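Right, one structure below, let's go through it.
Residue numbers (the working numbering): 279 to 467.
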């Protein structure tokens, strides 16, 4: 007869649901938290609960924020002539962590009219350049052309990060040198 550990098994399954965590790692995490370090387990539980309750998307750019408007959008020192379009909020962390961009951002989660309208609102008269920092792919090339067409009435330059970023690789997986070169050597579309 097998011993049934329903709560432990549920914990292992929850860890397995996290991207890149396999069965063995999930089992190690669960075992460590339940038997070796219950204090860490409670700390982790509280941190997750607190984050889930307080983290939201910035109303302006879509970045992760603890307030309605993120610190980047509120920062008057940022270059308001440039907007960097990224695929998701994680990409902003990568660029900010390495100090690669001093302008504002727009998270492009989809191509629905709402997202395009929000981008048009953010552009205003100050923006002179829209930089696409998207994972190089044919579908993202189509996205850039679509956005460029939707924003053709604005007097702005459209650029994309240089091909220092390998095709199909997400920004979070790119080494610092390649990402830095890609940002510095961005090209006109």
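Note that beta-carbon positions come from the ideal geometry of N, C-alpha and C, so glycine has one too. All of these numbers come straight from a predicted model, not from anything done at the bench.
#1: Would you kindly work out how many angstroms separate the C-alpha atoms of residue 430 and residue 335, rounded to a whole number?
#2: Assign residue 420 to one of two classes, buried (16 or more other C-beta atoms within 10 Å of its C-beta) or exposed (fewer than that).
#3: Taking 8 Å as the cut-off, does the region 332-351 touch the region 305-317 (at least 3 CB pairs, one atom from each stretch)?
#4: Could you tell me the alpha carbon to alpha carbon distance between residue 456 and residue 327, rounded to whole angstroms?
#5: At which residue ranges does the region 347-423 contain complete beta strand (DSSP E) runs of 3 or more residues, listed in the order of the chain?
#6: What are the start and end residues of the beta strand (DSSP E) that includes residue 438?
#7: Would DSSP call residue 333 helix, strand or coil?
#8: The alpha helix (DSSP H) that contains residue 283, what's its start and end?
#9: Helix, strand or coil for residue 291? Go by DSSP, reduced to three states.
#10: Decide yes or no for the touch test of the region 435-445 against the region 402-410: beta carbon pairs closer than 8 Å, at least 3 of them.
According to the structure data:
#1: 27 Å
#2: exposed
#3: no
#4: 36 Å
#5: 360-364, 382-385, 407-411
#6: 435-438
#7: coil
#8: No alpha helix (DSSP H) contains residue 283, which DSSP labels as neither H nor E.
#9: helix
#10: yes
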